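Student: Taking the numbering used here, the leading residue of the sequence shown gets 41, the next gets one more, and so forth. After the structure tokens below, expect a handful of questions from me.
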Amino acid sequence: MKKFIIGTIATVLLLTISIGIQQGLLFAKPFPYDDEQKGLDTQIIIHLSHVVAENTPKGQAANKFAELVEKNTNGKVKVHIYPNASMYNDENEFQALQNGKVEMIIPTFSKMTSFVPNWQVLDLPYLFNTDDEVHEVLTGSIGEQLLNELKPFHIKGLGFWHNGFKHLTSVDHPIHTFEDLKGLRIRTMPSKTLEKQFEAVEATPIPISFSEVFTDLESHAIDAQENTASNIYSKGFYKVQKHMTLTKHGILGYAVLINENFWNSLPSKIQKQIMAAMKETTDWQFEQAVLMNETDLQKLEQQDNFEIYSMNNEERQRFKEKLTPVYDLYRASVQNNQILSEIEKIVSP
Ligand code: SIN
Numbered sequence: 041m042k043k044f045i046i047g048t049i050a051t052v053l054l055l056t057i058s059i060g061i062q063q064g065l066l067f068a069k070p071f072p073y074d075d076e077q078k079g080l081d082t083q084i085i086i087h088l089s090h091v092v093a094e095n096t097p098k099g100q101a102a103n104k105f106a107e108l109v110e111k112n113t114n115g116k117v118k119v120h121i122y123p124n125a126s127m128y129n130d131e132n133e134f135q136a137l138q139n140g141k142v143e144m145i146i147p148t149f150s151k152m153t154s155f156v157p158n159w160q161v162l163d164l165p166y167l168f169n170t171d172d173e174v175h176e177v178l179t180g181s182i183g184e185q186l187l188n189e190l191k192p193f194h195i196k197g198l199g200f201w202h203n204g205f206k207h208l209t210s211v212d213h214p215i216h217t218f219e220d221l222k223g224l225r226i227r228t229m230p231s232k233t234l235e236k237q238f239e240a241v242e243a244t245p246i247p248i249s250f251s252e253v254f255t256d257l258e259s260h261a262i263d264a265q266e267n268t269a270s271n272i273y274s275k276g277f278y279k280v281q282k283h284m285t286l287t288k289h290g291i292l293g294y295a296v297l298i299n300e301n302f303w304n305s306l307p308s309k310i311q312k313q314i315m316a317a318m319k320e321t322t323d324w325q326f327e328q329a330v331l332m333n334e335t336d337l338q339k340l341e342q343q344d345n346f347e348i349y350s351m352n353n354e355e356r357q358r359f360k361e362k363l364t365p366v367y368d369l370y371r372a373s374v375q376n377n378q379i380l381s382e383i384e385k386i387v388s389p
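The structure is reproduced here in structure tokens:
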């Protein structure tokens with residue numbers, strides 16, 4: 041009997057110790073203490089939702105930003121990233137941001153044009169010639185003016201990021217001249233200027249969410265789409281399209297947005313640390329975006345059953361001229377033509 045009681049006590053003791061170790065109650069390492077970490081119990085979490093894959097200019101920049109925010113704030117602020125529209129998609133992310141359901145989103149500026157019509161300027165075809173011109177416009181005083189237009193929505197714009205120049209992909213036939221676009225159902229981002237761009241060549245623009253493009257191309261609900269090499273590669277559009285034409289006819293870039301109430305609730309020291317992370321990420325990401333598009337274009341060139349055609353100068357010039365009326369429509373539809381004049385002073389004609 042005595043042996044039985046001792047055995048039972050020993051077993052209970054062993055079990056208690058082993059559960060304690062598993063739960064981290066015994067021998068748990070204390071957090072390394074420093075002044076900045078006094079408030080670990082009040083850690084700030086930023087939920088950041090975006091719609092593309094992680095191996096893209098935006099996905100990589102979001103990861104870099106998260107890393108730098110955590111580093112600059114000594115772990116006080118953490119950014120949790122939800123890529124690939126796993127939290128919100130193109131259709132509901134802006135509303136979620138306004139309602140404070142998510143603290144940050146990074147939509148393309150094209151998708152913001154129904155709220156901020158003056159941002160349509162960035163969608164004008166053949167406005168930019170080089171990535172450097174895009175950098176100068178988006179990170180300088182013009183970019184700042186554009187971000188200020190978010191004020192009525194109680195959203196703060198932290199800055200703009202770049203992806204790259206857009207090209208066309210198609211399934212039935214290659215696009216050598218603008219005439220080849222006639223009658224095609226082409227997916228665009230929701231932007232009046234982008235829609236007018238395709239109407240100008242007698243195609244039918246179909247605005248749909250990025251997360252649905254692959255399926256709609258696969259089912260032939262749409263024939264073609266415009267995008268950067270990095271998005272075409274990372275989303276596998278080359279698997280459901282047969283042709284790509286290097287047109288470089290427009291740019292695709294992003295606005296990095298944060299809920300204003302949330303922003304205003306942050307101590308000014310943390311705001312400064314986040315802005316420093318943003319600046320460092322932006323400088324880094326403009327270079328990375330160019331490299332990533334180059335690499336992804338090379339990978340696309342290696343795909344079987346996927347032909348890449350480069351428009352020659354004459355075809356490109358004809359396409360550009362055909363799209364000129366889009367500028368007139370733009371000028372007639374927005375309040376602020378001054379932004380276009382300012383951009384035209386920076387870009388070469
Ligand atoms: C993105 O890069 O965020 C998506 C672009 C698109 O909708 O085509």
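Where is the CB? At the ideal position from N, CA and C, for every residue including glycine. It should be emphasised that the depicted structure is a prediction, and the values quoted were computed from it without experimental measurement.
Just to check my reading of the structure: N376 and N158 have Cβ atoms closer than 8 Å, yes? What is that Cβ distance to the nearest angstrom?
Tutor: Within the sequence shown, numbered from 1, the residue matching residue 376 stands at position 336. Within the sequence shown, numbered from 1, the residue matching residue 158 stands at position 118. Right, the Cβ-Cβ distance comes to about 5 Å (below 8 Å), so this counts as a contact.
Student: Secondary structure at L224, three-state DSSP: helix, strand or coil?
Tutor: In the sequence shown, residue 224 corresponds to position 184, counting from 1. Of the three classes helix, strand and coil, the one that applies to L224 here is coil, per DSSP.
Student: Could you tell me the boundaries of the alpha helix (DSSP H) in which M127 lies?
Tutor: Position 87 of the sequence shown, counted from the start, is the residue given in the question as residue 127. First-last for M127: undefined, no H or E at that position.
Student: Closest to M144 by C-alpha separation, out of K151, G180, A136, would be which residue?
Tutor: The residue labelled residue 144 in the question sits at position 104 within the sequence shown. With distances taken between Cα atoms, M144 lies closest to A136.
Student: What three-state label does DSSP hand I348 in the structure shown?
Tutor: For this step, residue 348 is matched to residue 308 along the sequence shown. Reduced to three states, the DSSP call for I348 is strand.
Student: Since I believe N271 is in contact with T96 (beta carbons under 8 Å), could you give me their beta-carbon distance rounded to a whole number of angstroms?
Tutor: For the purposes of this step, residue 96 is taken as residue 56 along the sequence shown, with counting starting at 1. For the purposes of this step, residue 271 is taken as residue 231 along the sequence shown, with counting starting at 1. With a Cβ gap of about 6 Å, T96 and N271 count as contacting.
Student: Quick one: does the C-beta of T148 sit closer than 7 Å to a heavy atom of ligand 1?
Tutor: As a position in the sequence shown, residue 148 is number 108, starting the count at 1. For T148, the distance from the CB to the nearest heavy atom of ligand 1 is below 7 Å.
Student: Pull up the distance between the alpha-carbon of V92 and that of V387, whole angstroms please.
Tutor: The sequence position of residue 92 within the sequence shown is 52, counting from 1. The sequence position of residue 387 within the sequence shown is 347, counting from 1. If you take the alpha carbons of V92 and V387, they lie about 29 Å apart.
Student: Sorted by chain position, which residues of the same chain lie with C-beta nearer than 6 Å to G199's C-beta, five sequence neighbours on each side aside?
Tutor: Here residue 199 corresponds to residue number 159 of the sequence shown, with the count starting at 1. The residues are V296, M318, T322.
Student: Go through its chain and collect everything with a Cβ distance to F218's Cβ below 7 Å, but skip five positions before and after it.
Tutor: As a position in the sequence shown, residue 218 is number 178, starting the count at 1. Cβ neighbours of F218 beyond the five flanking positions: V241, R358, F359, K362.
Student: What do you get for Q160, buried or exposed, if any count of 16 or more other CB atoms within 10 angstroms of its CB means buried?
Tutor: Working through the sequence shown from its first residue, we reach residue 160 at position 120. Of the other Cβ atoms in all chains shown, 16 or more fall within 10 Å of the Cβ of Q160; this residue is therefore buried.
Student: For the region 227-242 and the region 189-196, state whether three or more C-beta atom pairs, one from each stretch, are separated by less than 8 Å.
Tutor: Contact fails: fewer than three Cβ-Cβ distances are below 8 Å.
Student: Might you give, ordered along the chain, the residues of its own chain that have their beta carbon closer than 6 Å to the beta carbon of E94, omitting 5 neighbours on each side?
Tutor: Working through the sequence shown from its first residue, we reach residue 94 at position 54. So the qualifying residues of the chain are P123.
Student: When we look at the beta-carbon of D336 and count the other beta-carbons within 10 Å, is it buried (16 or more) or exposed?
Tutor: Taking the first residue of the sequence shown as position 1, residue 336 is located at position 296. D336 comes out buried.
Student: Please state whether DSSP places T335 in a helix, a strand or coil.
Tutor: As a working note, residue 335 is residue 295 in the sequence shown. Three-state result, T335: helix.
Student: Which of helix, strand or coil does DSSP assign to F378?
Tutor: Start at 1 with the first residue of the sequence shown, and residue 378 comes out as number 338. Phe is not the amino acid found at residue 378; the sequence shown has Gln there. Residue state, collapsed to three classes: helix.
Student: Check whether the Cβ atoms of F302 and G183 lie closer than 8 Å to each other.
Tutor: Sequence index remark: in the sequence shown, residue 302 carries index 262 (1-based). Sequence index remark: in the sequence shown, residue 183 carries index 143 (1-based). Not in contact: F302 and G183 (Cβ atoms no closer than 8 Å).
Student: Restricting to Cα atoms, I'd like to know which of K111, E131, V109 is closest to H90.
Tutor: Within the sequence shown, residue 90 is the residue found at index 50, counting from 1. Minimum Cα distance to H90 is reached at E131.
Student: In three-state terms, what does DSSP make of S305?
Tutor: Here the question's residue 305 lines up with position 265 in the sequence shown. In the three-state reduction of the DSSP assignment, S305 falls in the coil class, being assigned neither a helical nor a strand state.
Student: Using DSSP's beta-bridge definition, name the partner residues of S210.
Tutor: Numbered from 1 along the sequence shown, position 170 holds the residue referred to as residue 210. A264, H283.
Student: Any heavy atom of ligand 1 closer than 7 Å to the Cβ of N203?
Tutor: Taking the sequence shown and counting its residues from 1, one reaches residue 203 at position 163. Flag set: Cβ of N203 near ligand 1.
Student: Between the region 112-128 and the region 198-216, do at least 3 Cβ pairs fall closer than 8 Å?
Tutor: Counting C-beta pairs with one atom in each stretch, the region 112-128 and the region 198-216 have fewer than three that are closer than 8 Å, which means they do not touch.
Student: Checking the sheet assignment: what are the DSSP bridge partners for H87?
Tutor: As a working note, residue 87 is residue 47 in the sequence shown. For H87, which the question treats as bridged, DSSP gives the partners H120.
Student: Within 10 Å of its beta-carbon, does E76 have 16 or more other beta-carbons around it, so buried, or fewer, so exposed?
Tutor: The residue labelled residue 76 in the question sits at position 36 within the sequence shown. Because E76 sits at a pLDDT of 46, beneath the cut-off of 50, its placement in the model cannot be relied upon, and the following sentence gives the value as read from the coordinates. Here E76 is exposed: its Cβ has fewer than 16 other Cβ atoms, across all protein chains shown, within 10 Å.
Student: May I ask you to check if the CB of V280 is nearer than 7 Å to at least one heavy atom of ligand 1?
Tutor: For this step, residue 280 is matched to residue 240 along the sequence shown. Checking every heavy atom of ligand 1 against the Cβ of V280, none is found closer than 7 Å.
Student: Which residues mark the beginning and the end of the alpha helix (DSSP H) in which I246 is found?
Tutor: Stepping through the sequence shown from its first residue, residue 246 is reached at position 206. Taken as a continuous stretch (DSSP letters only), I246 belongs to no alpha helix (DSSP H), being part of the beta strand (DSSP E) at 244-247.
Student: What's the gap between the Cα of Y294 and the Cα of A102?
Tutor: In the sequence shown, the residue the question calls residue 294 occupies position 254. In the sequence shown, the residue the question calls residue 102 occupies position 62. When rounded, the distance between both Cα atoms is 11 Å.
Student: Report yes if the C-beta distance between Q370 and L164 is below 8 Å; otherwise report no.
Tutor: On the sequence shown, residue 370 is found 330 positions in, with the first residue counted as 1. On the sequence shown, residue 164 is found 124 positions in, with the first residue counted as 1. With the sequence shown as reference, residue 370 is identified as Tyr, and Gln is not the correct amino acid for it. It is a contact, given that the beta carbons lie within the stated cut-off.
Student: With a 10 Å radius around its C-beta and 16 neighbouring C-beta atoms as the bar for buried, classify S381 as buried or exposed.
Tutor: Along the sequence shown, one-based indexing puts residue 381 at 341. Exposed, because fewer than 16 other Cβ atoms sit within 10 Å of the Cβ of S381.
Student: Out of H283, E235, A329, E320, point me to the one whose CA is closest to V365's CA.
Tutor: Translated into positions along the sequence shown, residue 365 becomes position 325. It is Pro, not Val, that sits at residue 365 in the sequence shown. Comparing Cα positions, the closest option is E235.
Student: Report the CB separation of I226 from T244 in whole angstroms; it is logged as a contact under 8 Å.
Tutor: Here the question's residue 226 lines up with position 186 in the sequence shown. Here the question's residue 244 lines up with position 204 in the sequence shown. Yes, they are in contact, since the Cβ atoms of I226 and T244 sit about 7 Å apart, within 8 Å.
Student: Have a look at Q63 and N114 and give me their C-alpha separation to the nearest angstrom.
Tutor: Locating residue 63 in the sequence shown gives position 23, where the first residue counts as 1. Locating residue 114 in the sequence shown gives position 74, where the first residue counts as 1. The predicted position of Q63 is uncertain, since its pLDDT is 38 and thus under 50; a value taken from the coordinates is nonetheless stated next. Spanning the two alpha carbons is a distance of roughly 26 Å.
Student: Give me the Cα-Cα distance between I310 and T82, rounded to the nearest whole angstrom.
Tutor: Here residue 310 is taken as the residue at index 270 of the sequence shown, counted from 1. Here residue 82 is taken as the residue at index 42 of the sequence shown, counted from 1. Cα to Cα, I310 sits roughly 13 Å from T82.
Student: Within its chain, find whatever has a CB closer than 7 Å to the CB of K339; leave out the 5 residues flanking it on each side and keep chain order.
Tutor: Here residue 339 corresponds to residue number 299 of the sequence shown, with the count starting at 1. If we look at K339 and ignore the five residues flanking it on each side, its Cβ neighbours are Y273.
Student: Contact between the region 246-266 and the region 165-184: three or more CB pairs below 8 Å?
Tutor: no
Student: Can you tell which of P247, D212, M315, L306 has the C-alpha that lies nearest to the C-alpha of S150?
Tutor: By 1-based counting over the sequence shown, the position of residue 150 is 110. Looking at the Cα atoms, P247 is the closest of the given residues.
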